[in-house]
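In terms of the working numbering, the sequence shown opens at residue 426 and continues consecutively.
Data first, discussion second: the structure below is written as C-alpha cells.
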Amino acid sequence: MKIDIVTIFPEYLAPLELSLIGKARTTGVVQLDVHDLRRWTHDVHRTVDDTPYGGGPGMVMRPEPWGLALDELAADAAGGAPGDGAGQAGDGAGSAGDGAWSGRLVVPSPAGVPFTQALAHELADESHLIFACGRYEGIDQRVLDHAAARMPVTEISLGDYVLFGGEVAVLVILEAVIRLLPGVLGNADSLVEESHADGLLEAPGYTKPPTWRELPVPEIVRSGDHGRIARWRRDQALLRTAARRPDLLAALAPDGCGKVVGLPREARGAHQLLEPACPRSQRHALSPRKQQR
Ligand code: ADE
426 MKIDIVTIFP EYLAPLELSL IGKARTTGVV QLDVHDLRRW THDVHRTVDD TPYGGGPGMV
486 MRPEPWGLAL DELAADAAGG APGDGAGQAG DGAGSAGDGA WSGRLVVPSP AGVPFTQALA
546 HELADESHLI FACGRYEGID QRVLDHAAAR MPVTEISLGD YVLFGGEVAV LVILEAVIRL
606 LPGVLGNADS LVEESHADGL LEAPGYTKPP TWRELPVPEI VRSGDHGRIA RWRRDQALLR
666 TAARRPDLLA ALAPDGCGKV VGLPREARGA HQLLEPACPR SQRHALSPRK QQR
C-alpha cells in the first residue's frame with residue numbers, strides 16, 4: 426500500500442517510524458511518505474492560510490498549495506503528467522490537475538463520518554491513500570470538491586470533539602489500517618477475536634501470575650476447557666458491551682441477534698435495548714445497571 430501524508434508539521438508524524446508501522450515500512454508492506462505542504466507554496470512567507478470569506482474566527486487553509494500537492498501526488502501515482510500548475514508559482518484561477526488521478530483522499534475533520542473498524546477495513550483495501558492534514562479552521566472546501574471529481578474523498582472524524590489539526594487523527598487511522606494489512610501482525614488470529622471484530626467489545630484478558638495482589642485470575646480461564654472458556658468470553662463480551670456500549674448491541678443486525686443467544690443470567694432485564702434490531706423471538710434481556718463499568 427502506498428501512503429502519502431501532507432501536513433505543515435511533518436515532525437508530528439515521527440511516530441510512524443516506530444514499532445510495527447516502522448517495520449511495515451522497512452519490509453515494504455507500506456510505502457509511506459510525509460510531505461511538507463509548504464513545499465507547494467511559492468511566496469516568500471510560504472503562506473498556507475488566510476482569513477475566511479464571510480467573516481468569523483480563525484484562518485482557513487488556502488487552496489493553491491493543496492491543489493498543487495494533490496496534482497503531484499494523485500496524478501503522479503496514476504502515471505499521468507502532474508496538473509498544469511505543479512511546481513509552478515501561482516495556480517490562482519487555473520484548472521490544474523485534469524489528468525487521471527489515483528488513490529483515495531482522506532481528510533480528518535470533526536465534520537467527517539465517524540471512524541470505525543469497518544471503515545478501517547475499507548481503507549485497508551485501497552492501494553493508495555493520500556491524507557490531507559488540515560489545521561486552523563480547515564481546508565478551503567474547493568480543494569475537496571475539486572478532488573472529489575477525480576478520486577474518492579472521505580472526511581473522517583475520530584469523535585465528537587475538536588483537535589488542533591488532522592495529524593493525530595492520521596496517526597490513529599493509520600495504526601488501525603496498517604495492522605489489518607497482510608503480514609503486519611505476527612498472529613492474524615488477533616484480528617478475529619478483538620473488540621469490534623463482531624460488533625462487540627472484547628472480553629478481559631489475563632496472564633501469569635495466577636494470583637496478583639490477592640486478585641485471582643478467574644478459575645474458568647485457567648480450566649483448560651476451551652468450550653467453557655469460549656462461552657465465558659462470549660458472556661463477558663456481551664456484559665461489557667451492554668454496560669459500556671449499549672448502542673453497539675442495538676446496532677446489531679437482526680441476524681446478528683443470534684449472537685446474543687445464551688446471554689448470561691445476570692445480564693437480563695433490559696431487553697428494550699435490542700428491540701429495534703431484533704425480532705421478538707430473538708430478544709434477550711440485558712441489564713447494564715448490574716454491570717461493572
Ligand atoms: N481534526 C480536528 N478535530 C478532529 C476530529 N475530531 N477528528 C478528526 N480530525 C480532526
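Ideal Cβ placement from N, Cα and C applies to all residues, glycine included.
From a predicted model like this one, the values you see are computed outputs, not experimental measurements.
Burial state of residue i, where buried means 16 or more other Cβ atoms lie within 10 Å
i, result
"residue 456", "exposed"
"residue 429", "buried"
"residue 443", "exposed"
"residue 662", "buried"
"residue 640", "exposed"
"residue 459", "buried"
"residue 617", "exposed"
"residue 592", "buried"
"residue 568", "buried"
"residue 653", "exposed"
Supposed close pair residue i, residue j - CB separation, criterion 8 angstroms
i, j, result
"residue 530", "residue 572", "5 angstroms"
"residue 473", "residue 490", "6 angstroms"
"residue 576", "residue 534", "The pair is not a contact, with the Cβ atoms about 17 angstroms apart (cut-off 8 angstroms)."
"residue 645", "residue 637", "Actually they are not in contact, since the Cβ atoms of residue 645 and residue 637 sit about 17 angstroms apart, beyond 8 angstroms."
"residue 537", "residue 581", "4 angstroms"
"residue 583", "residue 540", "6 angstroms"
Residues near residue i by beta carbon distance below 7 angstroms, same chain, minus five either side
i, result
"residue 609", "445, 449, 454, 603"
"residue 647", "635"
Distance CB(residue i)-CB(residue j) smaller than 8 angstroms
i, j, result
"residue 483", "residue 600", "no"
"residue 605", "residue 553", "no"
"residue 461", "residue 435", "yes"
"residue 465", "residue 493", "yes"
"residue 587", "residue 532", "no"
"residue 673", "residue 624", "yes"
Residues of its chain near residue i, where Cβ-Cβ distance is below 8 angstroms and the 5 sequence neighbours each way are ignored
i, result
"residue 643", "631, 657"
"residue 551", "426, 528, 529"
"residue 469", "none"
"residue 559", "486, 532, 533, 534, 590, 591"
Residues near residue i by beta carbon distance below 6 angstroms, same chain, minus five either side
i, result
"residue 485", "477, 562, 565"
"residue 431", "460, 462, 494, 557"
"residue 628", "658, 661, 662"
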